[in-house]
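Residue numbers (our numbering): 1343 to 1430.
Just so it is clear, CB atoms sit at the ideal spot from N, CA and C, and this is done for glycine as well.
What follows is a short report on a single structure.
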Amino acid sequence: MKPTDISELRVFLFALYHLNAPLPDEIQQQINQINIPADVPRLYDIAMSYPPLATTYKQILKFSDEIAKFPTQVRDCVPQYQPENLHR
């Protein structure tokens, strides 16, 4: 799977997890027909077709995008190990 597919799948699963009610049968059937990894791009369309899922999906996607920026900033400010010269 491509990194974008992994990200898409992760966001979709988190959005499903945070729903407060079961999915309508029609949406559940669409999800059951998904073949991973080939159909992962369809998950976005499924999420957008059901308003409660769409709202949660968008929130998680925004949060995920913000988090994705963070590791680079952390790596840049973490001191790098520099071995001491023991043969002085």
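Quick check on the DSSP output: the alpha helix (DSSP H) that includes residue i runs from which residue to which?
i	result
I1376	Run containing I1376: none; DSSP gives neither H nor E here.
A1389	R1384 to M1390
Assign residue i to one of three DSSP states: helix, strand, or coil.
i	result
L1355	helix
D1381	coil
A1396	helix
L1403	helix
P1366	coil
Applying the 10 Å Cβ sphere with the 16-neighbour rule, what's the burial state of residue i?
i	result
I1378	exposed
A1389	buried
L1355	exposed
Return the chain-ordered list of same chain residues with a C-beta closer than 6 Å to the C-beta of residue i, the five sequence neighbours on each side being excluded.
i	result
V1382	D1347, E1350 and L1351
L1403	V1353
S1406	V1353
M1432	The question about residue 1432 has no answer here: the residues shown for the chain are numbered 1343 through 1430.
T1398	A1357 and H1360
Excluding five sequence neighbours on each side, which residues of the same chain lie with their C-beta closer than 8 Å to the C-beta of residue i?
i	result
L1365	L1358, I1373, Y1392 and L1395
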